[in-house]
Every structure is written in structure tokens, then in C-alpha cells.
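Novice: I have a structure here, written as C-alpha cells, and I will follow up with some questions on it.
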Amino acid sequence: MQRPRVVIVGAGPAGLMAAETLARGGARVVVHERMPSPARRLLMAGRGGLNLTHSEGLTEMIARYGDRSGTLAPLLEAFPPQALRDWAEGLGQDTFVGSSGRVFPRRLKASPLVRAWLARLDSLGVELRLRSTWTGWDGEGRPTFRQAGGEDTPEVGPEAADALLLSTGGASWPRLGADGTWVATLAAAGVGSAPLRPANCGFVADFSPAFPGDHAGRPLKGVEVRFAGRAVRGEVMLTRQGIEGGAVYALSAALRDAVEAGGEAMVEIDLRPGRSLEDLVARLARTDRKASLSNRLRKALALSPQEIGLLREAGPLASDLEALAARIRSIPLRLTGTTGLDRAISTAGGVRFEDLDPGLQLRARPGVWIAGEMLDWEAPTGGYLLQAVFATGVHAARDILSQRG
């Protein structure tokens, strides 16, 4: 029996994981990538240590995917966090669990993993074609590609492709390759998608023009952000436009939806979560009343200049210590928009699961599978994004093998 030939579009985590799974299953695999080199977003993620997955229980992890938890559950069960860790360690990249429960390669870099992975793919016979952009299909239904500076030409080989897997990413970080142009390409072929929206993103805040100044780029550490009954502790980074950072990303889906629905979202920032109002008042009362209020805040509560600046941004500071303590525990901040897809960590929206069969094959176009961030799902940072991206690549590849192998 002749080995099936599979064409993959996109050399990111989903596409490369699918390529490995397919090649191990006996398929001949060609991967097209529009950028000059593969795995660019994965390498960028490695600058922050490469958070591969999370160590929490699978039930708790699955719940992190919100409305898509039920859909993604069987994929994550078939390729759980331990499978991803085993895969990384098979490439010589030992992993460890950080204090937050996140899982990282011990070397805290993506480049060694990517180099070992590409070498493995080469040894499996996977062909990688760079600077090759997918442009749709020709009149005979063959996928077409534009080489850098060239004309559209059909993908050719010993025979037409037996399967096409699309894994071009969402639309965040377009300079790394995922620019969302596939939406129009699929639409031209009669395949719709949910609008692409920023996920794990920053927000524009209703700051006064003078506020960001020296505070932009400075963190608020160990604070708590509250919105719609949820409270998340972590870091908030002040930007020239507003706020971003881990505590903001964790609430970003709800904040984005609120801004889109009503034009704004009101959050509260607690600069000293866990401290009682009585404790704050007592600490402030012990400071020299002749000192400036900024000095009293700095000495009594170790408030940073940016924290004091944010306090003042919310209005004049009260001389009454109880009112001041209440402000420290709850600074109101109005958010009026996201900072856009270009700055978002990930993308919401994409090809709807309702338009796919259980194996991630397009119902309207048999022979075409979708994986990764092209799919309509989102998750918070913390390893959940990469875990699901890898899992969808494995799932689609296994389904292709079951039908074409």
C-alpha cells in the first residue's frame, strides 16, 4: 500500500507536531511555511522561559478552556501534559515544575528544543519548504502556493496530496508569521470563521495625558485585579496606553467582551491584597505626620512611585487614613479598549468546531483538516495555550492517518 502524502501549511507547534505524528505513522509529509524560518513564535515564547504546559490535574486544566472545555477535553485526554513533557524530554530537554505550577524546559530556552526537533523531523523524512505561502486551491482542488517573488503554482509531487492540514496560527504577532490572511482565503472557498479577536491582551485605560510618563514600563507587583466577581493576583504592567501583564491576561476574555458590549469595563486594583484596612491604617498612623504623604506611603507600606502615581490618578488623596486605606485596597480604573491583535499574546475566534467533524476535518471541504490557533478557542497563559495547540496537531494527524493511512 502506498504511503499517504500530506501537505501541512504552517511550521508552528501544531503543524510541526502534526508532521512528526504523521511521519511516524508512515505518511510522506511536506510542510510549507511563509516565513524564512520555522517555529518563530515558539522561539519568541522561549525568551520568557518557554512555558510548555501546566502541572495541575487534567480536570482542572480542561476547565481553563471555558466554553470550549467540552470540545477540547478528549483531545487533551489523548495528549495530556505528561505526554508533552515526555515528548520534550525525548528531545533531550528535561522539564521542571516552577513555583506557580507551570512547566518549563530546564534550560529555559526554546532554541535547543527547536534544533533537536527539526533534526528529528529531518530524520523522519519531513520536507520543509520555507518562504512558501498558501494561496488557496486551483480549479482541480489542489492547494496552491506562492514562492517568495513567484507566481501561484500548485503543490506537486508523485501524486496529488491525500490530505491538507492547515495550521497557520491566529493573527497575533503578525511579524512572526501569523497574520490572519487565511480568513479571506477560506472565505473565498466558502468556509467561514468566527471573527478574530485579541486574547491575553492589554487594555487601554482612561488615564490622564500626563500620567504614564515615567511610570510606563514599570510593574505593579503582587497586586490583585478584580472584575465581575473574579479576583486575580499577579503582576500588572503600566504602559503608555493602559495596563497589561499576567493578572490582566487572566481576566482579558471577560474584559474584552465587556468593552465590546458596552464600550468600557471598570476594574478595581488592590495594591496590598491580604492586608486588612485596620492594618493599613495602623501602619500609616505610625509615620511622621509632618512628612509628605508620598513618603508616608513609601515608608509605611513600601508603595513604589508607580503605585503612588496610580493612587493619585484615581483622584485627590484623602487625609483621612481610613479613606486612604480603602483607596489602596480598591483603585477604580476604567478600561475603554484592547491594545489590539498586534500586541496580543494569542487570538480568539477562528474556524468553528461546529464546522468540523470530531477529527478536525472541515465538513464543507473533506480532505482538509485544521489545527492550532486557527480554531475558535482561547485559554489563559500558564501553559494552557501551547498544550492545546500541540494536542490539536496530534489529534488532526491521528485522524488523517486513520482515514488515509
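Position 55, counted from 1, in the sequence shown is what numbering that gives the first Met the number 0 calls 54; the numbers after and before it change by one each time, with no gaps. C-beta atoms are modelled at their ideal positions from N, C-alpha and C, and glycine is treated no differently. Note that this is a predicted model, so its numbers are computed, not measured.
1. Figure out for me which residue from 94, 202, 226 has the closest Cα to the Cα of residue 242.
2. For the candidate residues 305, 68, 290, whose alpha-carbon lies nearest to that of residue 235?
3. Thinking just about the alpha-carbon of each residue, which of 183, 87, 111 is nearest to the one in residue 133?
4. Taking 8 Å as the cut-off, decide whether the C-beta atoms of residue 171 and residue 340 are in contact.
5. Is residue 15 near residue 164, with beta carbons less than 8 Å apart?
6. Measuring CB atoms only, is the segment 242-260 touching the segment 174-192, in the sense that at least three cross pairs come out at less than 8 Å?
7. On a Cα-Cα basis, can you pick out the residue from 33, 193, 350, 50 that is closest to residue 379?
8. Let me check understanding here. Comparing Cα to Cα, which of 146, 161, 377, 70 lies closest to residue 21?
9. Flag this pair as yes or no: are the beta carbons of residue 75 and residue 387 separated by less than 8 Å?
10. Measuring straight from C-alpha to C-alpha, what distance separates residue 41 and residue 291?
11. Answer with buried or exposed for residue 81, where buried requires no fewer than 16 other C-beta atoms within 10 angstroms of its C-beta.
12. From residue 111 to residue 166, what does the alpha carbon distance come to, in whole angstroms?
13. Exposed or buried, what is residue 262 when buried is set at 16 or more other beta-carbons lying within 10 Å of its beta-carbon?
14. Are the segment 221-229 and the segment 263-279 in contact at 8 Å, needing three or more beta carbon pairs?
15. By DSSP's criteria, residue 233 is part of a beta bridge. Which residues make up the other side?
16. Could you check the C-alpha separation between residue 137 and residue 179 for me, to the nearest Å?
17. Apart from the five residues on each side of it in sequence, which residues of its chain come closer than 8 Å, Cβ to Cβ, to residue 44?
18. Leaving out five residues before and five after residue 367 in sequence, what residues of the same chain have Cβ atoms less than 6 Å from its Cβ?
19. Around the Cβ of residue 92, are there at least 16 other Cβ atoms within 10 angstroms (buried) or fewer (exposed)?
20. Can you give the Cα-Cα distance for residue 114 and residue 85, rounded to whole angstroms?
21. Can you give me the C-alpha to C-alpha distance between residue 1 and residue 96, rounded to a whole angstrom?
22. Output the distance between the C-alpha atoms of residue 88 and residue 63, rounded to the nearest integer angstrom.
23. Going by DSSP, name the residue or residues bridged to residue 266.
24. Which residues in the same chain have their Cβ closer than 8 Å to the Cβ of residue 403, if we skip the five residues on either side of it in sequence?
25. Report back the beta-carbon spacing between residue 326 and residue 313 to the nearest angstrom; my notes put them in contact at under 8 Å.
26. Among residues of its own chain, excluding the 5 on either side of residue 207, which ones have a beta-carbon nearer than 8 Å to its beta-carbon?
27. Assign residue 169 to buried or exposed, taking buried as 16 or more other Cβ atoms, counted over all protein chains shown, within 10 Å of its Cβ.
28. Quick check on DSSP: helix, strand or coil for residue 131?
29. Does the Cβ-Cβ distance between residue 332 and residue 283 come in under 8 Å?
30. State the start and end residues of the unbroken beta strand (DSSP E) segment that holds residue 47.
31. Find the nearest neighbour of residue 174 within the set 34, 73, 286, 59, judged by alpha-carbon distance.
32. Just to confirm the assignment, what range does the alpha helix (DSSP H) spanning residue 389 have?
33. Out of 233, 72, 257, which has the shortest C-alpha to C-alpha gap to residue 248?
34. Just the Cα atoms here: how many angstroms apart are residue 90 and residue 83?
35. Thinking C-alpha only, which one of 318, 36, 376 is nearest residue 128?
Specialist: With the structure as the only source:
1. Answer by Cα proximity: 202.
2. The residue among 305, 68, 290 with its C-alpha nearest the C-alpha of residue 235 is 305.
3. Looking at 183, 87, 111, the one whose alpha-carbon comes closest to that of residue 133 is 183.
4. Taking 8 Å as the cut-off, the Cβ atoms of residue 171 and residue 340 count as close.
5. Against a cut-off of 8 Å, the Cβ pair of residue 164 and residue 15 comes out as no contact.
6. The way I'd put it, the segment 242-260 doesn't touch the segment 174-192; fewer than three beta-carbon pairs between them come closer than 8 Å.
7. Per the Cα distances, 50.
8. For the residues 146, 161, 377, 70, the minimum Cα distance to residue 21 belongs to 161.
9. Yes, these two residues count as a Cβ contact at 8 Å.
10. Distance between the alpha carbons of residue 41 and residue 291 is about 48 Å.
11. Counting Cβ neighbours within 10 Å, residue 81 comes out exposed, since fewer than 16 surround it.
12. Computed Cα separation, rounded: 23 Å.
13. An exposed status is given to residue 262, since fewer than 16 other beta-carbon atoms sit within 10 Å of its beta-carbon.
14. They touch, by the three-pair rule.
15. Residue 233 is bridged by DSSP to 222.
16. Their Cα atoms are separated by approximately 21 Å.
17. If the five residues before and after residue 44 are omitted, its C-beta is found closer than 8 Å to the C-beta atoms of 50, 109, 385, all from its own chain and listed in chain order.
18. Taken in chain order, the residues that qualify are 163, 361.
19. Classification of residue 92: buried, given that the 10 Å Cβ count is 16 or more.
20. Residue 114 and residue 85 have their C-alpha atoms roughly 17 Å apart.
21. Linking residue 1 to residue 96 through their CA atoms gives a straight-line distance of about 43 Å.
22. Cα-Cα distance, rounded: 25 Å.
23. Partner(s): 332.
24. The residues are 3, 5, 26, 161, 162.
25. The beta carbons of residue 326 and residue 313 sit about 7 Å from each other, so the pair counts as a contact at 8 Å.
26. Hits under 8 Å: 312.
27. Residue 169 comes out buried.
28. In this structure, residue 131 counts as strand in the three-state DSSP scheme.
29. Against a cut-off of 8 Å, the Cβ pair of residue 283 and residue 332 comes out as no contact.
30. Element bounds for residue 47: n/a, residue is neither H nor E.
31. Ranking the options by Cα distance to residue 174, first place goes to 34.
32. Start and end: 383-403.
33. Its Cα nearest to that of residue 248, the residue 233 stands out among 233, 72, 257.
34. Residue 83 has its alpha-carbon roughly 11 Å from the corresponding atom of residue 90.
35. Put simply, of 318, 36, 376 the residue whose alpha carbon is nearest the alpha carbon of residue 128 is 36.
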